[in-house]
Amino acid sequence: MSTIFPMAVITFVVAGVLWTGVLWASSGRTWRYVAIVPLGLPLSAIVNIFVKGPLASGVGLLAGIGSGLVQTTPVWFLVFLFLLSPVFEELIKVTPLLVPWVRRRATAVADAFWAGLALGIGFGLGEAAYLAWQIAAAGVYEIYPWYAFTGFLFERTIVVFIHGFMTMLFTRMIASGRPATGFLMAAGAHALVNSAAMLYQLGLIPGTLSSLWTVALLIVALVVFSRIRPRPPRPGAPDAAHSSEEPA
Numbered sequence: 003m004s005t006i007f008p009m010a011v012i013t014f015v016v017a018g019v020l021w022t023g024v025l026w027a028s029s030g031r032t033w034r035y036v037a038i039v040p041l042g043l044p045l046s047a048i049v050n051i052f053v054k055g056p057l058a059s060g061v062g063l064l065a066g067i068g069s070g071l072v073q074t075t076p077v078w079f080l081v082f083l084f085l086l087s088p089v090f091e092e093l094i095k096v097t098p099l100l101v102p103w104v105r106r107r108a109t110a111v112a113d114a115f116w117a118g119l120a121l122g123i124g125f126g127l128g129e130a131a132y133l134a135w136q137i138a139a140a141g142v143y144e145i146y147p148w149y150a151f152t153g154f155l156f157e158r159t160i161v162v163f164i165h166g167f168m169t170m171l172f173t174r175m176i177a178s179g180r181p182a183t184g185f186l187m188a189a190g191a192h193a194l195v196n197s198a199a200m201l202y203q204l205g206l207i208p209g210t211l212s213s214l215w216t217v218a219l220l221i222v223a224l225v226v227f228s229r230i231r232p233r234p235p236r237p238g239a240p241d242a243a244h245s246s247e248e249p250a
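Going by this note's numbering, the first residue of the sequence shown is number 3, and it counts up by one from there.
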């Protein structure tokens, strides 16, 4: 068994409990949105294996560019690779809205807020599992004990919520009748998150700065989340009887 797998399990449990707990508590202690989270789990593997991977290798092969990011890689190809995740990951994260029962729970803007957060959390958890599998398949980290992967735990736990935040931006704008704007917001936020990682991979900034960037963006996302999130109606409030909530 790969040494990263124990930490991957811990990461999945910690991030899953933490962020689905935030989703459950913030949305009015209802399970109707938590039930959407599993739909996002396989999406990272799907988009990486069947879309991003073939596109990156195919275009690189046609252009005669080898794999790996180095400072001598053509700028246009770096930009192409950089845009793959913001474009295709944000698109695939909202595909569960094609499922009728999910779409019904994301029609109103307030509902779409929580449904998007749930889909993004599911995607982030699935991404953590997919990355752990990729690290294990590489085989170069087997010299390290499982507890050496604490960086994986902290980074992936942060990124799970950020994925939820980005998808929420998209779905609430879809519910508002402005899907193109929502996509640009989500993809733009995604590009902003990934920018430091790209610079680190190119050797232009240290890993510490890349990690601090991710933490800073988590803080920003949490602040914005707390300011714009819909407040569930208080029991007995005049509009409680007209809530769009349906049974879980």
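By construction, the Cβ of each residue, glycine as well, lies at the ideal position given by its N, Cα and C atoms.
- In the DSSP assignment, Phe7 falls within the unbroken alpha helix (DSSP H) covering 7-28.
- By the Cβ criterion, the stretch 213-223 is in contact with the stretch 190-201, since at least three pairs of Cβ atoms, one from each stretch, lie closer than 8 Å.
- Closest option to Arg174, judged by alpha-carbon separation, among Arg105, Pro147, Glu144: Arg105.
- Per DSSP, the unbroken alpha helix (DSSP H) holding Phe125 starts and ends at 111-140.
- Rounded to whole angstroms, the Cβ separation of Val96 and Ile176 is 7 Å, and the two are in contact under 8 Å.
- Gln73 carries a coil assignment under DSSP once its states are collapsed to helix, strand and coil.
- Secondary structure of Val49 (DSSP, three-state): helix.
- Annotation: the stretch 145-198 contains the following complete segments of the alpha helix (DSSP H) (minimum length 4 residues), in chain order: 152-177.
- Taking each of Gly70, Ala27, Val19 in turn and checking the Cα distance to Arg231, the smallest one comes out for Ala27.
- Within the same chain, Ser46 come within 6 Å of Glu129 by CB-CB distance, once the 5 residues on both sides are set aside.
- Here Pro44 carries a coil assignment [DSSP, helix/strand/coil].
- Burial is judged here by how many other beta carbons sit within 10 angstroms of a residue's own beta carbon; Arg158 has at least 16 and is buried.
- Straight-line measurement puts the Cα of Phe167 at about 29 Å from the Cα of Ala150.
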